[in-house]
Amino acid sequence: MSDPGVLTGEHFITGDEACAEGAIAAGCRFFAGYPITPATEIAERMARRLPQVQGICIQMEDEIASVAAILGASWGGAKSMTATSGPGFSLMMENIGLGMMTETPCVIVNIMRGGPSTGLPTLVGQADVMQARWGSHGDYGVIALSPSSPQEMFNLTIEAFNLSETYRLPVFVLGDELVGHMSERVIIPPVEQIKRVERPRSVCPPETYLPYQAGENLIPPMACAGEGYHVHVTGLTHDEQGYPVITAPAHERLVRRLVDKIRFNAQRIIQVEEIALADAEAVVIAYGCTSRAAREAVTLLRNQGKKIGLLRLITLWPFPEERVRQLAGQARTLIVPEINYGQMAYEVERCAQGQAETVLLPLMGGTIHSPQDIMAAAEEVLS
Amino acid sequence: MKIRYQPIVPFDPEATSRLKDEQHGLHPDDIFLKPGRIPHIWCPGCGLGVVLNTFINGLKMAGIPIDKSIVVSGIGCTGRVAGYLNLDTYHTTHGRAIPFATGLALTRPDLSVSVFSGDGDLFAIGGNHFIHAARRNVNLKVICVNNFNYGMTGGQVGPTTPVMAKTTTTPYGNTEHPFNLPYLAHASGAVYVARWTTFHARQLVTSIAETLTIKGFTFIEVIAPCPVGYGRPNKLGSGLEEMKFYRENSLVENGADPREVGIALKGKIVVGKFREEPRPTFLDEYEEQILKKFRRTEG
Chain A
27 MSDPGVLTGE HFITGDEACA EGAIAAGCRF FAGYPITPAT EIAERMARRL PQVQGICIQM
87 EDEIASVAAI LGASWGGAKS MTATSGPGFS LMMENIGLGM MTETPCVIVN IMRGGPSTGL
147 PTLVGQADVM QARWGSHGDY GVIALSPSSP QEMFNLTIEA FNLSETYRLP VFVLGDELVG
207 HMSERVIIPP VEQIKRVERP RSVCPPETYL PYQAGENLIP PMACAGEGYH VHVTGLTHDE
267 QGYPVITAPA HERLVRRLVD KIRFNAQRII QVEEIALADA EAVVIAYGCT SRAAREAVTL
327 LRNQGKKIGL LRLITLWPFP EERVRQLAGQ ARTLIVPEIN YGQMAYEVER CAQGQAETVL
387 LPLMGGTIHS PQDIMAAAEE VLS
Chain B
1187 MKIRYQPIVP FDPEATSRLK DEQHGLHPDD IFLKPGRIPH IWCPGCGLGV VLNTFINGLK
1247 MAGIPIDKSI VVSGIGCTGR VAGYLNLDTY HTTHGRAIPF ATGLALTRPD LSVSVFSGDG
1307 DLFAIGGNHF IHAARRNVNL KVICVNNFNY GMTGGQVGPT TPVMAKTTTT PYGNTEHPFN
1367 LPYLAHASGA VYVARWTTFH ARQLVTSIAE TLTIKGFTFI EVIAPCPVGY GRPNKLGSGL
1427 EEMKFYRENS LVENGADPRE VGIALKGKIV VGKFREEPRP TFLDEYEEQI LKKFRRTEG
């Protein structure tokens, strides 16, 4: 029997629509959101599609409520998602912290537009990547993925669900307005080829269950609502049994684990795409829509015999520190085009540790770099 | 960079277990309380113990199994109720208990989801969520413990503080007009609206049990003493004296017009079950109008 959640076949759809299809294919059955350009199409697609698979789509009163609702739904056992853009992402930060603290699997999509504030509602930006890393107060590890095409909006939304279930945290899909609104061919594979990961579940009897006792992988098994475990889930610092414990030792154990569960698993999480890096003297490091212009620039320059390569970041967080460090040891220059005043470029420069020069190509938003912008910078450093 | 960590003090499950077993189980209602969580953090004379107890008795009266009963709370003194109950309990962020509970209730309609929080949490920072959940008629049982101030932070003015009441942030008296909570709940669409004080423990148990057995967004306001945060600056006396005040100044008026039940400083308190007006819930409508269309018939 065919699965109405997986529209196997070839489609010509936008990145936003592909994101919604990826979510449903991954098993998402609860969406809560609030309209905002340029992410509204995700909510619209979810409103149309979720009932077809007996899922629930609700438009909440704001983005604060949207995140709160998907956290609640996740504790109800559902895979859940919300989608927004900059101003909504800012509102979400409070409950993103709750999701991190309570280790609640869910997916939060941010289709980035130009900011700050209302900024450029209909035009592209990439200036929320540091907000995704550090936006909610306190320390915690994060996972953020950066799709560069509608096909990747589909693939990486599935991946985001799988990572959120594996590592028990809200995972970010940091799309951008261009990728969200562009239409391209999207291939949805047969249902049996779609990998779906389910959260680790508690199997021990309730009397011996400790809801925040993690094993060596640092991920505690989860007991959802109504399963007889009588779990207390709190945003307060809590001990392994989930009770609030307002002490430095409890905080040290908990927060360090929240960070380490991503740090120690970083090599399993990180994905990059590498193009012509073997002998590259200049390396373009790009992500999202910007990587499309970077790819073109690298192809054109390689055709001219220039030693240039591309490191495309698919995972923004955790940052591929080791690979960037290696490349800094090999190349003379790392070129970072991004649609902001320099965010990932700081990470690149930090990891380069002075071994290679970092060149930032900032754009404040509203448009994308042309391949020629990137080529001009590369030619300057390669000459 | 190199990292030199502080040493970790490991979790001691045995010590925790000892703490949990000590004296737990001596009272028959201990099955409703999380082992090792008592004594609670509330001040002497606080009304929250009464409300916790009446909730337990409401659960018993309604016959809701503890495995199927969920409590979601916000932040503040009342928000701590969740942590004491031996149910699946969720202590969320300030003001966000209702939207969190909305997600939970919609995905698990087989569970009974109650929201426990204070007047500041539910009606200041969370006011927008309250009116929208009531409008949608999400199947949530909201219990608001109204002590007329922010107790946890030491007695600041809140959205229910009566005119000219003194708090630490209204040292010369409050000049803002407070919400009349039953009126707000009724106008927003709550299917059940009641108010009791902590003096009316038996009526409160009945009301809680009633809300647990009907579907839809229900609202109970519980007027509770806060002798430390609110009673002292307003010269209301101890918790016991506040209970005496409730006895002498409460007027039981079931079916009272919610517009007429506003509360003034040291004024009469109208209590009772004001409204019960069932209508289809969010999920009833979503199921009937939308999900049914896409349900595959068996065989």
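Chains A and B, in that order, give the protein sequences.
Those letters in the first sequence? Residues 27 to 409, per our numbering, in order.
Those letters in the second sequence? Residues 1187 to 1485, per our numbering, in order.
All residues carry an ideal CB built from backbone N, CA and C; glycine is no exception.
All of these numbers come straight from a predicted model, not from anything done at the bench.
Between A:Q381 and A:I361, the alpha-carbon positions lie close to 14 Å from each other. Short of 6 Å from the beta carbon of B:V1257, and not among the five residues preceding or following it, lie these beta carbons of its own chain, in chain order: A1268, L1271, L1273, T1275, S1300 and F1302. With respect to chain A, the C-beta atom of B:H1210 has no partner C-beta closer than 8 Å. Around the CB of B:K1188, fewer than 16 other CB atoms lie within 10 Å, so the residue is classed as exposed.
Per the coordinates, the alpha-carbon of B:I1394 lies some 13 Å from the alpha-carbon of B:G1402. Of the candidates A:G112, A:G98 and A:P113, A:G98 places its Cα closest to the Cα of A:S106.
Residue pairing by DSSP places A:V150 opposite A:R139 in a beta bridge.
DSSP places A:P388 in the strand class (E or B) of the three-state scheme. C-alpha of A:L124 to C-alpha of A:A304: approximately 43 Å in a straight line.
Minimum Cα-Cα distance from A:R358 among the listed residues A:S317, A:E375 and A:V309 corresponds to A:V309. Taking 8 Å as the upper bound for CB-CB distance, A:F187 and A:E47 are not in contact here, some 12 Å apart. In this structure, the straight-line span from the alpha carbon of A:N136 to that of A:R71 is close to 16 Å.
Between A:Q379 and B:I1476, the alpha-carbon positions lie close to 57 Å from each other. Distance check between B:T1353 and each of B:R1282, B:L1367, B:F1334 and B:L1370 places B:F1334 closest, using alpha-carbon atoms only. Under DSSP, B:G1340 takes part in no beta bridge, so it has no partner. For A:E375, the CB contacts under 7 Å within the same chain, skipping 5 residues up- and downstream, are T384 in chain order. Near chain A, meaning a CB-to-CB distance below 7 Å, the residues of the region 1275 to 1292 of chain B are T1275, Y1276, H1277, T1278, T1279, R1282, P1285, F1286, A1287, T1288, G1289, L1290 and L1292.
DSSP places A:P275 outside any beta strand (DSSP E); the residue lies instead in the alpha helix (DSSP H), whose first and last residues are A274 to R289. Residue environment analysis places B:P1368 among the buried positions, since at least 16 neighbouring C-beta atoms fall within 10 angstroms of its C-beta. Inclusion of A:D154 and A:F115 in the CB contact set at 8 Å is warranted, their separation being smaller than that value. Burial is judged here by how many other beta carbons sit within 10 angstroms of a residue's own beta carbon; A:D265 has at least 16 and is buried. For A:E120, the enclosing alpha helix (DSSP H) begins and ends at G112 to T128. Taking A:D42 as reference, the option from A:G206, A:I122 and A:Q293 with the minimal CA-CA separation is A:G206. With 16 or more other Cβ atoms inside 10 Å of its own Cβ, B:H1315 counts as buried. In this model, B:R1381 and B:P1364 are separated by some 16 Å (Cα to Cα). No Cβ-Cβ contact shorter than 8 Å links A:V150 with A:A44. Assignment of B:K1454 by DSSP, reduced to helix, strand and coil, places it in the coil class. Contact annotation for A:N121 against chain B: T1279 and R1282 [CB-CB distance below 7 Å, chain order]. Using a Cβ distance threshold of 8 Å, B:L1398 and B:G1244 count as a contacting pair. The Cβ atoms of B:T1264 and B:L1234 lie closer than 8 Å to each other. In the DSSP assignment, B:C1330 falls outside any alpha helix (DSSP H) and lies within the beta strand (DSSP E) extending over K1327 to N1332.
Looking at the backbone, the Cα of B:V1343 and that of B:V1349 are separated by about 10 Å. Closer than 7 Å at the C-beta level to chain B, one finds these residues of the region 267 to 280 of chain A: Q267, Y269, P270, P275, E278 and R279. As DSSP reads the structure, B:F1302 sits in a beta bridge with B:S1259 and B:I1329.
Between A:S172 and A:G241, the alpha-carbon positions lie close to 30 Å from each other. Per DSSP, the continuous beta strand (DSSP E) segment holding B:V1379 begins and ends at Y1378 to T1383.
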